[in-house]
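*Asks:*
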Amino acid sequence: MQLNDVHGYVDLHTDWFWEQGRTVYRPAGGYARLATLIEARRRQYPDATVLLDGGDTFHGTYPVIQTKGELLVPILNQLGFDAMTVHWDFAYGPKRLIELADALTYPVLATNVFHKDSNEPVFPAYRVLDRGGVRIGVIGIACNIVDTMMPPHFSEGIRFTLGRDELAPVIETLRHDEQVDLVVLLSHLGLPQTHKLLTEVPGVDVCLCAHTHDRITQPLHPNGTILIESGCHGVFLGELLLTLENGRIVDYQHQLTEVAESVEPNPAMQLQIDRAMTPYRDELARVVGETTLPLDRSTCLESTMDNLLLASIQEATGAEVVFSNGWRYGAPIPAGPITLGHLYNIIPMNPPISTVDLTGREINDMLEMNLERTFSGDAYEQAGGYVKRVAGLTAFVKMENPKGARILGLFVGDQPVEPDRSYRAAFVTVQGVPPKLGTNRQDTDTHAVAAMVAYLKHHSPISLSPTGTFIPV
Numbered sequence: 255m256q257l258n259d260v261h262g263y264v265d266l267h268t269d270w271f272w273e274q275g276r277t278v279y280r281p282a283g284g285y286a287r288l289a290t291l292i293e294a295r296r297r298q299y300p301d302a303t304v305l306l307d308g309g310d311t312f313h314g315t316y317p318v319i320q321t322k323g324e325l326l327v328p329i330l331n332q333l334g335f336d337a338m339t340v341h342w343d344f345a346y347g348p349k350r351l352i353e354l355a356d357a358l359t360y361p362v363l364a365t366n367v368f369h370k371d372s373n374e375p376v377f378p379a380y381r382v383l384d385r386g387g388v389r390i391g392v393i394g395i396a397c398n399i400v401d402t403m404m405p406p407h408f409s410e411g412i413r414f415t416l417g418r419d420e421l422a423p424v425i426e427t428l429r430h431d432e433q434v435d436l437v438v439l440l441s442h443l444g445l446p447q448t449h450k451l452l453t454e455v456p457g458v459d460v461c462l463c464a465h466t467h468d469r470i471t472q473p474l475h476p477n478g479t480i481l482i483e484s485g486c487h488g489v490f491l492g493e494l495l496l497t498l499e500n501g502r503i504v505d506y507q508h509q510l511t512e513v514a515e516s517v518e519p520n521p522a523m524q525l526q527i528d529r530a531m532t533p534y535r536d537e538l539a540r541v542v543g544e545t546t547l548p549l550d551r552s553t554c555l556e557s558t559m560d561n562l563l564l565a566s567i568q569e570a571t572g573a574e575v576v577f578s579n580g581w582r583y584g585a586p587i588p589a590g591p592i593t594l595g596h597l598y599n600i601i602p603m604n605p606p607i608s609t610v611d612l613t614g615r616e617i618n619d620m621l622e623m624n625l626e627r628t629f630s631g632d633a634y635e636q637a638g639g640y641v642k643r644v645a646g647l648t649a650f651v652k653m654e655n656p657k658g659a660r661i662l663g664l665f666v667g668d669q670p671v672e673p674d675r676s677y678r679a680a681f682v683t684v685q686g687v688p689p690k691l692g693t694n695r696q697d698t699d700t701h702a703v704a705a706m707v708a709y710l711k712h713h714s715p716i717s718l719s720p721t722g723t724f725i726p727v
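435 is the number that the numbering used here gives to position 181 of the sequence shown; each next residue is one higher, with no gaps.
1. CA-CA distance, L647 and Y279?
2. Considering only the alpha carbon of each residue, which of K370, F377 and V707 lies closest to T545?
3. If contacts are defined as beta-carbon pairs under 8 angstroms, then L563 and A702 qualify, I think. What distance do you get, rounded to the angstrom?
4. Taking only runs of the alpha helix (DSSP H) that begin and end inside the stretch 597–656, which ones reach a length of at least 4 residues, in chain order?
5. When DSSP labels each residue in this structure, what does I527 get in the three-state scheme?
6. For the beta strand (DSSP E) that A679 lies in, which residues bound it at each end?
7. Strictly by DSSP, which residues pair up with L498?
8. Across which residues does DSSP place E544 in a beta bridge pair?
9. Is there contact here, the stretch 511–530 with the stretch 678–693, by at least three beta-carbon pairs under 8 angstroms?
10. Can you check DSSP and say which residues form a bridge with E273?
11. Tell whether a beta-carbon distance below 8 angstroms holds between R675 and A573.
12. Measuring alpha carbon to alpha carbon, tell me which residue in L452, H341 and L439 is nearest A379.
13. Mind checking which residues open and close the alpha helix (DSSP H) that includes D560?
14. Would you check if there are 3 or more beta carbon pairs closer than 8 angstroms linking the stretch 577–588 to the stretch 636–650?
15. Straight-line CA distance for T683 to P328?
16. Which residues mark the beginning and the end of the beta strand (DSSP E) in which E293 is found?
17. Name the DSSP bridge partner or partners of M338?
18. May I ask which residues mark the beginning and end of the beta strand (DSSP E) holding H430?
19. In terms of alpha-carbon separation, which member of F724, S516, A286 and A345 lies closest to N604?
20. Compare the Cα-Cα distances from R551 to each of A289, L718, R660 and G394 and report the closest residue.
21. With C-beta atoms as the reference, is V489 less than 8 angstroms away from V513?
22. At the level of alpha carbons, what is the spacing between E374 and E410?
23. Could you check whether T466 and G444 sit closer than 8 angstroms to each other, using their CB atoms as the reference points?
24. Using only the alpha-carbon positions, how far apart do V304 and D431 sit?
25. Alpha carbon to alpha carbon, how far is I412 from V376? Give it in angstroms, no decimals.
26. Name the residue from D632, N366, Q696 and H369 whose alpha carbon lies nearest to the alpha carbon of L612.
27. Roughly how many angstroms separate the alpha carbons of E537 and G595, rounded to a whole number?
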């Protein structure tokens, strides 16, 4: 059984589903309902189940961030995972993640994370499980972009690799020294990256993928490996039922199980969640605005949810152009009241808004690099997010063009961007505008959530539709 990219969504919440050619919204998810589904499988297959967490667990919602992940520890231990790997879980720094890992009753696995000073691994590479007479080796690969594309404190004192060079020796150890029957890879590289990795490194029987939030309904089979990913926000439980003969898979059944509102929540788990969430519920339920249209982040080129964030930043700063990262996490906001909790779900770390002067050439180059990180034909060059979120610009783009040549036209208003002209820009986090770019970079006294609250105070009810920032040609 697989969970991945829950992003701190502890309880039932509204999420999106694609049905009959359109997006629909309904309540789903939550660890209490997950506990019910997981326990049902454990009763059905005693001593024959494995539960793995693909990471992006200790981050994503206000209560989880306020406690630096502590709120989740008893909940996760109660669920009884067998192992996990990591990415945004580094948000409070490596030292804090190690503390959280030590508090869990199961290991964090990562074959590709090392201390810079000693070159020793930060976490074990694998764990061996015995289930019903079958020996299972579980290998972890953490997200490899933490030390290159995330804020610097995420990776203080540690370094990351792709994990490709480390994987084959670990498989060899498991097969020959540990005498395992099955090798399971828990990868937070993302679906395209993991698929390519598996074509290059043989010997993995099953791979549970994370990072890109893909809802895989039919498993992929790179190099003979069964590869799945199970969405995000705890809305789905990924299930693989394996049939083995002489320690080898001869058949399997896969199911992407919706954690529906109709699932009866496990009472003990719901009590644990209610106790943990009580200090935050009243404040996060405070209504701060209204939207006439749903706001979500499920689209690649731009999103209505991020358009609210960008409009708020632009109004707070008066900047000509505004940038934010193309994050995939963040549950949708249905049409109706907007609460403070919704705003924290958009940008849970609530960073300060920053300003910077960028030349037109820097803007063009930054967007070209982002498009390469999104649409590169080489999966290893993809970062796993959506296109950078932008306000104040219009870009005409050809996605299939080679690196550095995708933007065919770039405009501020109705004027072409001038390469040598300086433009005042505003952004949030180094993922919005990398530190190497621009001059006169400053943090303002206004944080992202406060900017959105102020914007809603003046403009609610809002009706934000896609603006066509990136226009494919």
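Backbone N, C-alpha and C fix where the C-beta goes; we use that ideal spot for every residue, glycine too.
Source: prediction; values computed, not measured.
*Replies:* In this structure, then:
1. Taking the first residue of the sequence shown as position 1, residue 647 is located at position 393. Taking the first residue of the sequence shown as position 1, residue 279 is located at position 25. Taking the straight line from one Cα to the other gives about 30 angstroms.
2. The count along the sequence shown starts at 1 and reaches residue 545 at position 291. Of the listed residues, the one whose Cα sits closest to T545 is V707.
3. Sequence index remark: in the sequence shown, residue 563 carries index 309 (1-based). Sequence index remark: in the sequence shown, residue 702 carries index 448 (1-based). Their Cβ separation, rounded to whole angstroms, is 7 angstroms, which keeps L563 and A702 in contact under 8 angstroms.
4. Runs of the alpha helix (DSSP H) inside the stretch 597–656: 614–629.
5. The residue given as residue 527 occupies position 273 in the sequence shown. Helix at I527.
6. On the sequence shown, residue 679 is found 425 positions in, with the first residue counted as 1. That run of the beta strand (DSSP E) goes S676 to V682.
7. Stepping through the sequence shown from its first residue, residue 498 is reached at position 244. The partner list for L498 (beta bridge, DSSP) reads I503.
8. In the sequence shown, counting from the first residue as 1, residue 544 sits at position 290. Per DSSP, the beta-bridge partners of E544 are P591.
9. As far as the Cβ criterion goes, the stretch 511–530 does not touch the stretch 678–693, which means the pair count is below three.
10. By 1-based counting over the sequence shown, the position of residue 273 is 19. Paired residue(s): R276.
11. If you number the sequence shown from 1, residue 675 lands on position 421. If you number the sequence shown from 1, residue 573 lands on position 319. No, they are not a contact pair.
12. In the sequence shown, the residue the question calls residue 379 occupies position 125. Sorting L452, H341 and L439 by C-alpha distance to the C-alpha of A379 places L439 at the top.
13. To locate residue 560, count along the sequence shown from 1; it is residue 306. Element bounds for D560: T558 to T571.
14. Output reads yes: the stretch 636–650 touches the stretch 577–588.
15. Along the sequence shown, read from residue 1 onward, the residue named residue 683 stands at position 429. Along the sequence shown, read from residue 1 onward, the residue named residue 328 stands at position 74. Each residue's Cα considered, the two are about 31 angstroms apart.
16. Within the sequence shown, the letter at position 39 stands for residue 293. Segment Y285 to Q298 is the alpha helix (DSSP H) holding E293; no beta strand (DSSP E) there.
17. Counting from 1 along the sequence shown, the entry for residue 338 is found at position 84. BP columns for M338 point to D307 and V362.
18. Residue numbering aside, residue 430 sits at position 176 when the sequence shown is read from its first letter. Neither: H430 is in no beta strand (DSSP E) and is coded neither H nor E.
19. Walking along the sequence shown from the start, residue 604 turns up at place 350. Selected option, being the one with the closest Cα: A345.
20. For the purposes of this step, residue 551 is identified with residue 297 of the sequence shown, where counting begins at 1. Comparing C-alpha distances from R551 to each of A289, L718, R660 and G394 shows the shortest one belongs to L718.
21. Start at 1 with the first residue of the sequence shown, and residue 489 comes out as number 235. Start at 1 with the first residue of the sequence shown, and residue 513 comes out as number 259. Cβ distance < 8 angstroms, so V489 and V513 count as in contact.
22. The residue labelled residue 374 in the question sits at position 120 within the sequence shown. The residue labelled residue 410 in the question sits at position 156 within the sequence shown. So the alpha carbons of these two residues sit roughly 15 angstroms apart.
23. Taking the first residue of the sequence shown as 1, we reach residue 444 at position 190. Taking the first residue of the sequence shown as 1, we reach residue 466 at position 212. Pairing G444 with T466 gives a Cβ-Cβ distance under 8 angstroms.
24. Locating residue 304 in the sequence shown gives position 50, where the first residue counts as 1. Locating residue 431 in the sequence shown gives position 177, where the first residue counts as 1. Distance between the alpha carbons of V304 and D431: 22 angstroms.
25. On the sequence shown, residue 376 is found 122 positions in, with the first residue counted as 1. On the sequence shown, residue 412 is found 158 positions in, with the first residue counted as 1. Between V376 and I412, the C-alpha separation is close to 8 angstroms.
26. Sequence index remark: in the sequence shown, residue 612 carries index 358 (1-based). Closest option to L612, Cα to Cα, is Q696.
27. Taking the first residue of the sequence shown as 1, we reach residue 537 at position 283. Taking the first residue of the sequence shown as 1, we reach residue 595 at position 341. For E537 and G595, the distance between alpha carbons rounds to 8 angstroms.
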